[in-house]
Ligand SMILES: Cc1ncc(COP(=O)(O)O)c(C=O)c1O
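Numbering (our numbering), first residue to last: 32 to 411.
Here you go:
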C-alpha cells in the first residue's frame, strides 16, 4: 500500500466541490478534476512556514520563485525559458480568456478541438469571438486530429489556435510531428497560439514525451502563449495560481494590458506553494505518477470487460474518456449517476455519448466505483 495516497483523506463533510455535489446521496464523485490525495507535505510545510510571518499583504512574485519555475521547466520539459517571460495569473481559465481578447477583432475565429475542457469552448463567445470546431477522431483506439477536416477549414477566418496539451479529456500528449504540422498552419496564416498545458506534469505513458509547442522553434515561440500551473500536478487548484509564458515581449505587453482591471494580484500562499512544488515536489510527483499509472490500468482493464463501453489508453492526465454510445442510454452520465457513480457528461465537452472518469482517488474507492458501473450494466 502506498501511504502517500492510501487511505485518502475523508472529504465527505468538507468544503470540497467534488464531494459536496453528492453529499446527500450515495454517489461516488469521479467528476471535477481535482484529486482526493493530500497536498504534498513539502507544500504544506512551505505554507505553514510563511504563516509564521503574520502579515498576508499584497505580494510581488520574488526572484527565487521565478527561478524555481524556470529551473523546473528546464528540468522536467527541457525548455529553457527566461524569468521575464512569466506572467502570473489567478488561474489558467483567465489566461485563455485573455488570449481570446488578443485574437483579431470581434467576430474573429478561434479554433479548438472538441471534445475539450468546457471553458475552452465557452471562451470565444465571452469575448465576441467565434468558436471554430475541429472534432478529434478516434481511430483504432487512438485519438487524433482529423486532418482532412482540418484542411477544409476557412484558415483565413482563424486568428487563434487554442491547444490543450496534454489534451483533457482524451489524454493525448501531442507529438512533435503533430505540433509542427499545426505550427506550419499557424506560421502560414499568422495565427496566435494559446496552449493550455496545465496537465503537463501528469504524463503517465512511458512512450509519450510532452513538448510545449513554443519550445519547438523560434517562430512558434514568438506567436505562443503557454499556460501552466502547479494546480493539477500537486493538487492545489483552490490556491488559484497559474502563469503564462510569453517569450514575445510585445505579445506579453498586450496580454498584460488585456488583463488590466480584470486580473487580480497573485495569491500569496499560491505563490509560496508554487515555489515549493517546482523546487521540492518532484519525488512526490514521481510517486503520484506510479500510483496513477496503476489506477489508469485498472480503469482500462475494467472498461474493456464491460459490454457497451470503450476507452483508449491515457497518455497523460488522471482522466479517462469513455465511449458509451453502444450502451443505448440517451444520457450515460445520468445512467451511471443513478447507479452510484458521478462522472462528467461528454456533452459539456462538445461530444455526446461519452463520459469522463476522474481516477485520482484511492484504489479502493476506484474499484468500488468500477464495480458499481459493472453492476449498472448487468442491471441494464
Ligand atoms: C485543461 C484545463 N485547463 C484549465 C483548468 C482550470 O484551470 P484554473 O483552475 O487554473 O483556472 C482545468 C481544470 O480542470 C483543465 O483541465
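In this text, a Cβ means the ideal position worked out from N, Cα and C, and glycines have one as well.
- In the DSSP assignment, what are the bridge partners of residue 375? Position 344 of the chain shown, counted from the first residue, corresponds to residue 375. The bridge partners DSSP lists for residue 375 are 387.
- Task: Could you check what DSSP says for residue 175 in three-state terms: helix, strand or coil?
- Result: Counted from its first residue, the chain shown places residue 175 at position 144. Looking at residue 175 - three-state DSSP - the assignment turns out to be strand.
- Message: Between which residues of its own chain and residue 116 is the CB-CB distance below 8 angstroms, once the five residues before and five after are set aside?
- Response: Taking the first residue of the chain shown as 1, we reach residue 116 at position 85. Once the five neighbours on either side are set aside, the close Cβ partners of residue 116 are 276, 277, 278 and 283.
- Message: In whole angstroms, give me the CA-to-CA distance for residue 40 and residue 391.
- Response: Counting from 1 along the chain shown, the entry for residue 40 is found at position 9. Counting from 1 along the chain shown, the entry for residue 391 is found at position 360. In this model, residue 40 and residue 391 are separated by some 13 angstroms (Cα to Cα).
- Message: Checking the sheet assignment: what are the DSSP bridge partners for residue 352?
- Response: Locating residue 352 in the chain shown gives position 321, where the first residue counts as 1. Bridge partners of residue 352: 387.
- Nearest-angstrom Cα distance between residue 244 and residue 196? The residue given as residue 244 occupies position 213 in the chain shown. The residue given as residue 196 occupies position 165 in the chain shown. A straight line joining the alpha-carbon of residue 244 with that of residue 196 spans about 9 angstroms.
- Task: Return the first residue and the last residue of the alpha helix (DSSP H) that residue 319 is part of.
- Result: As a position in the chain shown, residue 319 is number 288, starting the count at 1. Start and end: 313-335.
- In terms of residue numbering, what span does the alpha helix (DSSP H) encompassing residue 123 cover? Indexing the chain shown from 1 puts residue 123 at position 92. First-last of the alpha helix (DSSP H) with residue 123: 123-132.
- Item | Closest Cα partner of residue 231 within the set 118, 347, 219 and 151 | Within the chain shown, numbered from 1, the residue matching residue 231 stands at position 200. In terms of Cα proximity to residue 231, the closest of 118, 347, 219 and 151 is 347.
- Query: How do the stretch 90-100 and the stretch 313-330 stand: do at least 3 beta-carbon pairs fall below 8 angstroms, yes or no?
  - Reply: Contact between the stretch 90-100 and the stretch 313-330 is absent: fewer than 3 CB-CB pairs across the two stretches fall below 8 angstroms.
- Item | Residues bridged to residue 170 [DSSP beta-bridge criterion] | Taking the first residue of the chain shown as 1, we reach residue 170 at position 139. Beta-bridge annotation (DSSP): residue 170 is paired with 173.
- Message: I believe residue 339 touches residue 61 by the beta-carbon criterion, under 8 angstroms. Please report the beta-carbon distance rounded to the nearest angstrom.
- Response: Here residue 339 corresponds to residue number 308 of the chain shown, with the count starting at 1. Here residue 61 corresponds to residue number 30 of the chain shown, with the count starting at 1. Between the beta-carbon of residue 339 and that of residue 61 there is about 18 angstroms, and that puts the pair past the 8 angstroms contact cut.
- Item | Residues bridged to residue 231 (per DSSP) | One-based indexing of the chain shown puts residue 231 at position 200. For residue 231, which the question treats as bridged, DSSP gives no partner whatsoever.
- In terms of residues, what are the limits of the beta strand (DSSP E) holding residue 163? As a working note, residue 163 is residue 132 in the chain shown. Segment 161-164, the beta strand (DSSP E) holding residue 163.
- Message: By the three-class DSSP mapping on this structure, what secondary structure does residue 301 have?
- Response: Indexing the chain shown from 1 puts residue 301 at position 270. Residue 301 falls in the helix class under three-state DSSP.
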